[in-house]
Each structure stands twice: as C-alpha cells, then as structure tokens.
Amino acid sequence: MPALPVVRPPARPAPLRVGVLGCGGIAMRRMLPAMARTPLVEIAAVASRDRDRAKAAATRFDAVALHGPDGYRHLLDRDDVDAVYVPLPPALHAPWTARALESGKHALVEKPMTTDARQAHDLADLAKSRSLVLMESFMFLHHSQHRAVGRLVDTGRIGELRCLTAEFGFPPLPPEDIRYRPDLGGGALLDAGVYTVRAAGLLLGDALSVVGSTLVSDPATGVDIRGDALLRAPGPATAHLSFGFTHAYRSAYTLWGSTGRIVVGRAFTPPPDHSPVLRVERQDHVEEVTLPPDDQFANLAARFAAMVLGQEDPAPEREAAVRQAELVDAVREMAVRDSSVGDGGPVVPMAADGGA
1 MPALPVVRPP ARPAPLRVGV LGCGGIAMRR MLPAMARTPL VEIAAVASRD RDRAKAAATR
61 FDAVALHGPD GYRHLLDRDD VDAVYVPLPP ALHAPWTARA LESGKHALVE KPMTTDARQA
121 HDLADLAKSR SLVLMESFMF LHHSQHRAVG RLVDTGRIGE LRCLTAEFGF PPLPPEDIRY
181 RPDLGGGALL DAGVYTVRAA GLLLGDALSV VGSTLVSDPA TGVDIRGDAL LRAPGPATAH
241 LSFGFTHAYR SAYTLWGSTG RIVVGRAFTP PPDHSPVLRV ERQDHVEEVT LPPDDQFANL
301 AARFAAMVLG QEDPAPEREA AVRQAELVDA VREMAVRDSS VGDGGPVVPM AADGGA
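Taking UniProt numbering, the leading residue of the sequence shown gets 1, the next gets one more, and so forth.
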C-alpha cells in the first residue's frame with residue numbers, strides 16, 4: 001500500500017496572502033470558507049470579470065475586490081498577494097496559472113490542473129525554474145479517512161489487495177452548465193473522472209498504466225457525459241473506474257482483497273461535519289468502523305501554506321499533477337467512443353462541484 005499524504009502544520013505562524021482568480025461555485029461554497037478558517041491563510045484579494053460577484057466575495061471574506069476585463073491581471077500585479085487560487089473553468093487553468101507563476105506567485109489550481117499532459121509538464125517546469133509551489137486541488141486526498149483505509153490494508157484486514165473500483169457520478173446538469181462546453185474544458189472525464197483516476201494513484205501507487213477505456217459523448221454538445229477505465233498496477237492489483245453526468249449520485253470506492261473488502265461510501269465529497277464509516281467485509285464477518293469528522297478543504301489549504309512557507313517539499317505535488325494528467329490523457333486516447341442520444345434523463349440542478 002503506497003504511503004498516503006500526511007498534513008504537518010508549519011511551525012511559522014505568518015499567514016499566506018492568497019489572491020483568488022474567479023468566483024466559481026466550488027470556490028465560494030468550499031475552498032474560500034475553508035481558507036478563511038485556516039489560520040495560516042489570509043484571503044487578500046478576489047478578482048472576477050463580474051463586478052457584483054467580485055464585490056460580494058470580497059465583502060464576505062474581507063478582501064480587496066478587482067473586476068472587469070483586467071481584474072485578473074491587476075490581481076497578479078499586487079505586491080500583497082503571495083499566492084493565487086485558480087478556480088476558473090479547466091481550459092483557463094493553464095494560461096492563468098502560467099501568468100501567475102511568471103508573476104512570482106505560488107499557485108493552487110482546481111482540478112483538473114490542465115486539460116492535457118503537455119500543459120502540466122510546462123507548468124511544472126515553470127514552477128520548478130522559479131522555485132514556486134504548484135499544487136493541484138484534489139481536496140479528498142487530505143481527508144484522514146484514506147489514511148485509515150491504508151492502515152487497514154497494510155495490517156492485512158482484507159488480505160492481498162486485488163482490485164480497486166471507484167465511482168463518481170451524478171444526475172444531468174442544467175444545460176447552461178460550463179461542463180457541457182468543450183471550449184471551456186467540459187466533460188465527465190475532466191470533471192468527475194479525474195477523481196477516480198487520482199484515487200487509483202493514491203491507493204495503488206504511481207506506476208499505473210491504462211489498459212482500456214470507454215467514453216460516451218453527448219451529440220448535442222460534443223462533451224463526454226460518462227465513461228469507464230481499466231488501469232493496472234505493476235503488482236496483482238487492477239482498478240476499474242466509472243464516472244459521469246447520467247447517474248444516480250455516487251462518490252465511493254471499494255478495495256477488494258484476497259480475504260475481504262473495504263467500502264468507502266463518501267470517498268470524495270464528505271463535508272467537515274461528516275463522520276465517515278468504513279465497511280470492512282469478510283466471509284464470516286462485517287464490521288463498520290466510524291471515524292471522526294475531518295475538514296479536507298482546510299487540510300488542503302494548510303498543506304499548501306506549509307509548502308509555501310518552506311515546511312513541506314513541493315516537488316511531489318508537481319510530479320503527482322503531471323502523472324495524473326498523463327493518465328487522463330491515456331484514458332482519453334485509448335477510449336472506445338460512442339454517442340449518446342437521449343440517455344441523459346431529466347435535467348436536475350446540481351451543485352457546481354457535483355454535490356460536494
């Protein structure tokens with residue numbers, strides 16, 4: 001079982017001054033409130049193309065508001081901003097993250113960090129050359145429930161690990177949602193599928209390869225709306241991943257071993273007050289392990305600040321983001337593709353982060 005990330009708070013109390021490029025749903029509902037309750041972080045400025053959204057966010061978090069067509073650029077020019085958080089649509093991540101790094105700002109970038117591996121390599125090289133932190137915002141990695149899962153596997157509770165299945169999906173989104181826009185990096189693979197790919201890397205190790213995949217596209221928009229992928233690790237374990245926008249809600253993974261299974265029922269989106277329950281199933285025994293609540297968004301913000309403040313090595317985060325982008329590219333390139341006509345079901349409004 002590969003080692004899982006551990007959050008170690010930095011010794012230095014100086015807050016990290018963060019500027020925010022965009023006021024997307026996940027930023028306003030999850031990440032900015034988490035940053036606001038993290039002592040190591042101060043939200044210094046918020047930029048949006050929309051004047052009212054910028055002012056509302058700045059008022060809420062006691063920050064400077066920047067807006068209009070030059071708002072992002074003005075934020076990057078500010079001396080009181082040490083780092084940026086980039087929650088823009090996926091297709092805008094690479095160009096604005098590059099500008100941030102070129103301006104000397106550390107960068108925390110919403111997943112997916114880029115829409116292809118070439119962009120990920122370029123950003124990682126740029127961050128390394130400037131001695132800046134570059135981190136992809138996969139918040140679920142920073143929840144303690146996954147370390148608990150790792151301990152169960154390492155102590156042999158399910159024998160030898162054979163297979164991981166991971167699923168992240170939810171009902172259709174409103175037609176105007178950006179995830180139906182190919183020009184903005186829409187599609188189920190880049191929105192929901194990346195979680196399952198990252199979970200496979202977390203639980204099976206970095207040396208994964210893609211064996212095969214499928215993607216079903218919406219003929220009206222051209223984006224993929226559901227898919228599956230099969231990955232393998234160098235050892236005996238495989239990963240079967242499923243994701244999409246045409247499903248009943250599910251955010252889970254199962255580890256299946258030679259003598260039992262571990263089921264994690266709220267793998268990617270547990271709120272801070274949720275007490276996770278790990279289900280350990282063996283042939284003659286079923287046990288439910290209840291864990292204390294944990295705040296994965298605040299943990300992520302604290303780890304980003306720790307790296308910027310010199311308490312953590314940023315290299316593993318850069319390397320993980322590049323490897324993640326390479327695997328997502330391989331899922332896309334190997335996919336057997338199909339078009340879906342009328343299988344999307346009724347449009348059900350969902351939260352912008354898939355109900356997190």
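The C-beta atom is built at its ideal place from N, Cα and C for all residues, glycine as well. Every value quoted in this text rests on a predicted model; they were computed, and no experiment measured them.
- If you check the CB distance, Leu-189 and Leu-215 come in under 8 angstroms.
- In the displayed model, Arg-279 falls within a strand according to three-state DSSP.
- Asn-299 and His-285 have their C-alpha atoms some 34 angstroms from each other.
- Assigned with DSSP and collapsed to three states, Gly-169 falls in strand.
- Fully enclosed beta strand (DSSP E) runs of no fewer than 3 residues occupy 277-282, 285-290 of the segment 275-322, in order along the chain.
- Excluding residues up to 5 positions away in sequence, Ile-158, Gly-159, Glu-160, Leu-161, Arg-162 lie with their Cβ nearer than 7 angstroms to the Cβ of Gly-257 in the same chain.
- Counted as a single uninterrupted DSSP element, the stretch harbouring Val-133 is not any beta strand (DSSP E), since DSSP gives it neither H nor E.
- Selection Pro-39, Val-20, Thr-59, Leu-66 evaluated against Thr-97 yields Val-20 as nearest (Cα-Cα).
- Residue Leu-16 holds the alpha-carbon nearest to the alpha-carbon of Val-84 among Leu-291, Thr-155, Leu-16, Ala-166.
- For a cut-off of 8 angstroms, the C-beta gap from Phe-245 to Phe-140 is around 19 angstroms, too long to register as a contact.
- A direct Cα-to-Cα measurement between Ala-305 and Ser-339 gives close to 43 angstroms.
- No Cβ-Cβ contact shorter than 8 angstroms links Val-133 with Val-109.
- Beta-carbon to beta-carbon, Leu-184 and Pro-90 are separated by about 7 angstroms, close enough to satisfy the 8 angstroms threshold.
- The Cβ-Cβ distance between Arg-198 and Phe-138 falls below 8 angstroms.
- Asp-218 counts as buried, since at least 16 other C-beta atoms from the protein chains shown sit within 10 angstroms of its C-beta.
- According to the DSSP secondary-structure assignment, Ala-65 is paired through a beta bridge with Val-46.
- Apart from the 5 residues on each side of it in sequence, Leu-88 sits with its Cβ closer than 8 angstroms to the Cβ of Leu-21, Gly-22, Gly-24, Trp-96, Glu-110 in its chain, given in chain order.
- Around the CB of Thr-155, fewer than 16 other CB atoms lie within 10 Å, so the residue is classed as exposed.
- Rounded to whole angstroms, Pro-293 and Leu-32 show a C-alpha spacing of 19 angstroms.
- Boundaries cannot be given for Val-81, as no alpha helix (DSSP H) includes it and DSSP labels it neither H nor E.
- If you draw a straight line from the Cα of Asp-116 to the Cα of Gln-283, it is about 43 angstroms long.
- Shortest Cα-Cα distance from Arg-151 to any of Glu-326, Thr-59, Ala-107, Ile-262 involves Ile-262.
- Rounded to whole angstroms, the Cβ separation of Leu-76 and Arg-99 is 6 angstroms, and the two are in contact under 8 angstroms.
- In the three-state reduction of the DSSP assignment, Asp-273 falls in the coil class.
- Taking the Cα positions, Val-81 is about 21 angstroms away from Arg-30.
- By the neighbour-count criterion, in which a residue is buried when 16 or more other Cβ atoms sit within 10 angstroms of its Cβ, Pro-174 is exposed.
- Inclusion of Leu-101 and Arg-73 in the CB contact set at 8 angstroms is not warranted, their separation being larger than that value.
- Rounded to whole angstroms, the separation of the alpha carbons of Val-210 and Pro-234 is 12 angstroms.
- Relative to Ser-144, the option among Ala-200, Val-277, Thr-38, Thr-165 whose CA is nearest is Val-277.
- Membership of Asp-206 in any beta strand (DSSP E) is not indicated, and neither H nor E is assigned to it by DSSP.
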